[in-house]
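Worksheet: the structure to be examined is printed underneath.
Residue numbers (the numbering used here): -8 to 378.
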């Protein structure tokens, strides 16, 4: 994630989720280019917003921004095309929503906000990587959409089932991603994490995992040659999914999976191995880009000088991690260094490791495959050597 700053005299730092500047109190937000958090001036006569350097281009807060404060989207009124039959003004990210939580239940709104924050961050990384990104109104056959719904009662942290409500399973189906809003509830998600004996479970991770399934269809399944090559790295995805699922949850837990998989869930089926590895690639890319833009140290090789001071440790600031020209080897080497620091910082705060995973050579090879697939360079993927 890039570093953003307000244009006010204090040059106040702005976060990706910011909706106003803490120094000058102006409205800030993301416009439809989805690459900059910046301040907006307000014209009381027209009841519209504008950027100081572009006064003729007018903006309006996304309805979800104005009415519910769950996003910080700003809509360019000069280019906005309303959805036929709908009287709503939605920003770039909110136009991907098909179903939002039941807003007559007030407790759903702060959870929806968490889901929107995670979704926007996931979409930002996809856009930065120049991946195809269209909603279903832009592409009815191959577009992307989201459903955020509940099947249990928010008031007891989603323990009690809602009458007349079918079960809601987080998953992906032909570009349509469903996420149960219970995943936005810290208590409910923690209970599930413990029940599943997972070391890591986050809302952002769910988005990136399910988006991995979507991009498998967009980048791999559409090409017989790429699909064939993918099977050599991730296994035969034509194996019966339900049978693999049943087998996965019946078997005894084993640590042997760590040699070749990023997570235990990745062992269930090649589809899940791809999606789990995809999610980790996105975690790595976003975190490294954030660290670089904040000039955070990224090496564990710091040495003390003669006077006892520690030399400055920095990530390679010239590297643009989203670029196709940046090698996956340098990305993963930088990540191995930085993740040690990241985990050490968490421990200093009395928290669990932020990244409790090991990147073995086999996992690095799978991450490399995804890197090459994203940048359409699978023809340059090194030949797989079986040990």
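All C-beta atoms in this analysis are idealised placements derived from N, C-alpha and C, irrespective of residue type, glycine included.
Local conformation of residue i per DSSP, three classes
i: residue 148; result: coil
i: residue 339; result: helix
i: residue 104; result: helix
i: residue 180; result: helix
i: residue 128; result: coil
i: residue 2; result: coil
i: residue -7; result: coil
Reference residue i; option with closest CA among the options
i: residue 126; options: 109, 230, 120, 167; result: 167
i: residue 66; options: 161, 20, 213; result: 20
i: residue 211; options: -3, 134, 76, 369; result: 369
i: residue -7; options: 106, 163, 35, 26; result: 26
i: residue 177; options: 332, 146, 284; result: 146
i: residue 98; options: 283, 312, 175; result: 175
i: residue 31; options: 49, 24, 37; result: 49
i: residue 112; options: 346, 6, 219; result: 6
i: residue 134; options: 123, 140, 316, 189; result: 123
i: residue -4; options: 29, 18, 333, 15; result: 29
i: residue 222; options: 360, 47, 33, 53; result: 360
i: residue 56; options: 9, 78, 207, 93; result: 9
i: residue 312; options: 276, 334, 282; result: 276
i: residue 220; options: 150, 282, 261; result: 261
i: residue 318; options: 341, 347, 355; result: 355
i: residue 93; options: 140, 342, 240; result: 140
i: residue 230; options: 242, 253, 258, 241; result: 258
i: residue 17; options: 36, 41, 37, 183; result: 41
i: residue 91; options: 172, 64, 60, 149; result: 172
i: residue 61; options: 70, 24, 101; result: 101
i: residue 237; options: 256, 252, 251; result: 256
i: residue 323; options: 209, 339, 155, 348; result: 348
i: residue 385; options: 44, 36, 23, 114; result: This structure does not reach residue 385, given that the chain is present from -8 up to 378, and the question cannot be answered.
i: residue 148; options: 115, 333, 182; result: 182
i: residue 119; options: 185, 155, 281, 1; result: 281
i: residue 263; options: 247, 241, 286, 233; result: 233
First and last residue of the uninterrupted beta strand (DSSP E) at residue i
i: residue 167; result: 167 to 171
i: residue 380; result: Because the chain here runs from -8 to 378, residue 380 falls outside it and cannot be looked at.
Extent of the continuous alpha helix (DSSP H) run through residue i
i: residue 164; result: Not the alpha helix (DSSP H): residue 164 falls in the beta strand (DSSP E), residues 162 to 164.
i: residue 352; result: 352 to 365
i: residue 275; result: 261 to 284
Beta carbon proximity, residue i to chain C, threshold 7 Å
i: residue 362; result: Included in the structure is just one protein chain, with no chain C present.
Spatial neighbours of residue i in its chain, beta-carbon cut-off 6 Å, leaving aside the 5 residues before and after
i: residue 121; result: none
i: residue 204; result: 163, 266
i: residue 357; result: 224, 268
i: residue 284; result: -7, -6
i: residue 201; result: 163, 168
i: residue 272; result: 358, 361
i: residue 88; result: 137
i: residue 117; result: 124
i: residue 80; result: 51, 54, 66
i: residue 207; result: 265
i: residue 379; result: Missing from the structure shown is residue 379; the chain here goes from -8 to 378 and no further.
i: residue 86; result: 126
i: residue 226; result: 261
i: residue 184; result: 192
7 Å Cβ shell around residue i - same chain, five flanking residues per side excluded
i: residue 165; result: none
i: residue 110; result: 84, 137, 198
i: residue 75; result: none
i: residue 12; result: -3, -1, 3, 5, 19, 30
i: residue 157; result: 142
i: residue 376; result: Since pLDDT at residue 376 reaches only 46, below the 50 mark, its modelled position is unreliable, and the value read off the structure follows with that caveat. There are no such residues.
i: residue 326; result: 275, 279
i: residue 105; result: 175, 194
i: residue 353; result: 250, 251
i: residue 253; result: 267, 268, 271, 348, 354
8 Å Cβ shell around residue i - same chain, five flanking residues per side excluded
i: residue 372; result: 220, 359, 360, 363
Contiguous alpha helix (DSSP H) assignments of at least 4 residues, all confined to the segment 15 to 102: 54 to 59
Segments assigned beta strand (DSSP E), at least 3 residues, entirely inside the segment 189 to 247: Secondary structure remark: continuous beta strand (DSSP E) runs of at least 3 residues inside the segment 189 to 247: none found.
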